[in-house]
Every structure is written in structure tokens, then in C-alpha cells.
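Written below as C-alpha cells is the structure these notes are about.
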Amino acid sequence: MIETSDLHAGTPDHGPPVGPDLLSEMLKAVRLTGSVFLNACFSAPFGVVAPKYYDPVSPMAYLRHISIFHFIVAGNCTFEAGNGERREVTAGDLLFLPFAGHHRFWKGEPLVMAAAGEIVQPGRIEGMWTVNYGGGGDELRMVCGFLESSEFLFAPVFRTLPALIVEKMSEDKVGALIASTVQEIDLHVEAAAPGSQAMLGRLMELLFVELLRRHVARLSPGSKGWFAALNDPIVARTLQLLHADPARHWTVGQIADKVGSSRTIVAGRFNALLGRPPIEYVTSWRIQLAGERLRFGHESLASIAAGVGYQSEAAFSRAFKRVTGITPGKWRERTGSLAGLALGSASP
């Protein structure tokens, strides 16, 4: 393990990082899309179990990553994530499951745990479902939504997040924004007004960005991963350079000169937080960008190769296959035909 004293010795006092908003850049790359899908009312005693919605090892899983939101509008219950983490949640709490994992929630002593898919009914808004379930006692009202993205093999937005994030409303500015956003969601769900579906989707995306900002701010100094890297001056500046000009043929020495540090410190800090050297990172990022262009566009391979920093189509194809396991042509064929399919319906 690299000694902390060596790593932090070369931190320049240049103020906050400048350049592209890394979080926004990453979210743009994974094509984030949000929606509200459930407006539910439960009455005690009740118990509900929901299945896992995302399997990271399923064929072509990178095509569609789904995360789940639960916002408690009124009432309270016990919530348990698939990893066994249990929380008592109440009105105003916002629950986020980045991997849409198996979870359950209950109040009182229900005789059975109902399967979520068996108690939903079509709602007033197309694409929206409703639930009215339970024993007739104290009510729990919940609005649920999901975020969908084509995360791809490289993008680390979701993979370093905990299995469950519970955000309680507070008095700070971010908390007030989240609260007002969720109130808007609840109003649109109840009113079923024209344009509600589009509005709700944008609100869910906004909620996700604010939750991520809070998550980054709360990370402990010893944390690792992509989000922790945003809090490190050296690594954050390095990431900004790489994201601002991914096609450039970077060297660690060039990066060190730009961020005002040494090659040893840049490489050590980057590896310690992200688990890979800077040049390997930017190579994967180039392939990420190329994969999206292959999937959604009609550019030639030569044009895409040049656009992400490769001098020849052959060099690009070799790098692409090294990262993804398949050729750019096969990638375009598979992702183009599977882009609209539900998770797990694709075959290798």
C-alpha cells in the first residue's frame, strides 16, 4: 500500500479543480433516463418483497442499468436491502438502490410477504402503476421511480455506490431542493396532468444528481473509487484533463506538469483511488465514448477511431476488442439491435 505521507506531499494549493464538470460528463456518457413508475398506498399490517431488477453478470448487462427510488410521502415502515441492511424509514425519506437489488419492507406483523409484481394495477398515467394493499391500519404512501442508463463496461458511476442510500430531508439548500422536487413528483402523480410523464422523468434525474453530490460530500478521507477521486485535488485535476481531451496521447509526465505535481505522486494517487493507471483509465474512457458512438450513430469506424485518438482503424479495433472482448463491428451489430430490449432479454 502506498504511504499517505508520500501521496499528499505534492498537493498544490491551486484552489478548487477547474475544467469540465466530471459528474455531469459521466452522467451524459451513460445516457441517464428517469421515470416514475409507481404510486402506492399500503396499510398495516403489510409486507412486500421486490425482486432484483439488475444483474451485472447477465449477457450484455451494460446495455441497461436500472436503479430504483422509493420516496416515503406519508407514514413509516421497516426497509431491508438485499445485503441485510435494515433501516426504519419515515415520511420525507428518500431511498435509492443503485443496483435495483432485492429488497423488502413491512409494517406490523403481516401473515405473508406479498410479491410486488402481484399487487400492482395500471394507473391514470400511461406507464404508471398503483398499489392499494394491506390490512386497513396505518397507511404508508410511497412514490417509486427508476433510473435507466447504458452504463457500459467501464463507466464507474454506479459500481462504487453502496447497495442502499437513505437521504433524510434537512434544512440545508440541497435538502430543500430535494424536498421541493419530491413534492412536485407527488403533485404530478396525483394530478395525472398532461406532460406529467416527461416532467416526472426529469425530476427523477435531478434527484439522482443531487443524491450523488451529497454522497461525494460525505465520503470519508479514506474512501476509494471514482466518487472519492472527485475529492482529491491531484486526481480530480487529472480526471478533468483526461475527460477534456481524451483523444490526446497523454503521458504521466504531461499530466504531472499540467496538475503541478510529480509523476510518482500522480500515478500513485490515481492508482490508490481508482485501481488503475491514468493511461489505462483514459484508454477505457476512449472505448466508452466510441462504444456510444457505435451504438447510436452511423459514423464510419475510421471516423470514430480518429475522433477518440487512434491513428488507424486497425489500432482502434485492437484496443476496442481488448477492452470489450468483441470487435467494433460486432459491438455495433449487437448493441444496435438490443438497445430497446429489456434487461436480460439479450443473448450473447
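According to numbering that gives the first Met the number 0, the sequence shown is numbered sequentially starting from 0.
All residues carry an ideal CB built from backbone N, CA and C; glycine is no exception.
- Assignment of Arg158 by DSSP, reduced to helix, strand and coil, places it in the coil class.
- Between Gly308 and Arg285, the CB-CB gap stays under 8 Å.
- Rounded to the nearest whole angstrom, the CA to CA distance from Arg317 to Glu166 is 44 Å.
- Boundaries around Trp225 are those of the alpha helix (DSSP H), Trp225 to Ala228, since no beta strand (DSSP E) includes it.
- With a threshold of 16 other beta carbon atoms within 10 Å, Ala266 meets it and is buried.
- Residue environment analysis places Val47 among the buried positions, since at least 16 neighbouring C-beta atoms fall within 10 angstroms of its C-beta.
- Between Arg140 and Gly74, the C-beta spacing is below 8 Å.
- Contact between the segment 94–107 and the segment 218–234 is absent: fewer than three C-beta pairs spanning the two stretches fall below 8 Å.
- With distances taken between CA atoms, Met168 lies nearest to Ser179 out of Ser179, Gly296, Arg158 and Thr159.
- The Cβ-Cβ distance between Leu160 and Pro232 does not fall below 8 Å.
- For Trp105, DSSP records a beta bridge to Gly46 and Thr77.
- Distances from the CA of Gln182 to each of Ser311, Ser66, Ile71 and Thr323 were compared; the closest alpha carbon is that of Ile71.
- Every unbroken stretch of the alpha helix (DSSP H) spanning 4 or more residues and falling wholly within the segment 202–274 is given here in chain order: 225–228, 232–243, 251–258 and 262–273.
- Residue pairing by DSSP puts Asn38 in a beta bridge opposite Thr129 and Val142.
- Within the same chain, and ignoring the five residues on either side of Ala114 in sequence, the residues whose Cβ sits closer than 7 Å to its Cβ are Val48.
- For the pair Leu199 and Val119, the CB atoms are not nearer than the 8 Å cut-off.
- The three-state secondary structure of Gln310, taken from DSSP, is coil.
- Taking a contact as a CB-CB distance under 8 Å, the pair Glu147 and Ile67 does not count as one, their CB atoms being some 11 Å apart.
- Distance from Gly116 to Phe45 at the Cβ level is roughly 15 Å; contact not present, criterion being Cβ atoms closer than 8 Å.
- Assigned with DSSP and collapsed to three states, Ala113 falls in strand.
- Residue pairing from DSSP places Thr89 in a beta bridge opposite Asn75.
- Excluding its 5 nearest sequence neighbours in each direction, Val173 has C-beta neighbours in its own chain below 8 Å: Glu209, Arg212 and Arg213, listed in chain order.
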